[in-house]
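Chemist: The working numbering puts the sequence shown at residues 16 to 83.
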Amino acid sequence: MAKRKPNKPQKKLSKEEQRLKEIYAKSRRDFSAADLQKFTVMEMGVPFEKVIKEMERIQKNYKRKKAS
Numbered sequence: 016m017a018k019r020k021p022n023k024p025q026k027k028l029s030k031e032e033q034r035l036k037e038i039y040a041k042s043r044r045d046f047s048a049a050d051l052q053k054f055t056v057m058e059m060g061v062p063f064e065k066v067i068k069e070m071e072r073i074q075k076n077y078k079r080k081k082a083s
């Protein structure tokens, strides 16, 4: 029986594409759990209540100016 050909033909990568592929592979290998931890740590931000109060104050001032 004849061998089946793959559905997608392999395309030739340019030198730039090969270089990028190697760089990405190296960065994936070097990426560690410690690096991931930097992105998953919860940072304390501005309290929600403070943001709401500030927005209400701005809206009150806006309505007052618009009514004048």
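Quick reminder that beta carbons are idealized off the backbone N, C-alpha and C, glycines included.
1. Express the C-alpha separation of Gln-52 and Gln-74 in angstroms, rounding to a whole number.
2. Whole angstroms is fine: what's the gap from Arg-19's alpha carbon to Lys-27's?
3. Which runs of the alpha helix (DSSP H) fall wholly inside the segment 27 to 76 and span at least 4 residues, in chain order?
4. Rounding to the nearest angstrom, what Cα-Cα distance links Ile-67 and Val-61 in this structure?
Modeler: The answer reads as follows:
1. 39 Å
2. 21 Å
3. Note on the segment 27 to 76: whole alpha helix (DSSP H) runs with a minimum of 4 residues are 30 to 45, 48 to 55, in chain order.
4. 11 Å
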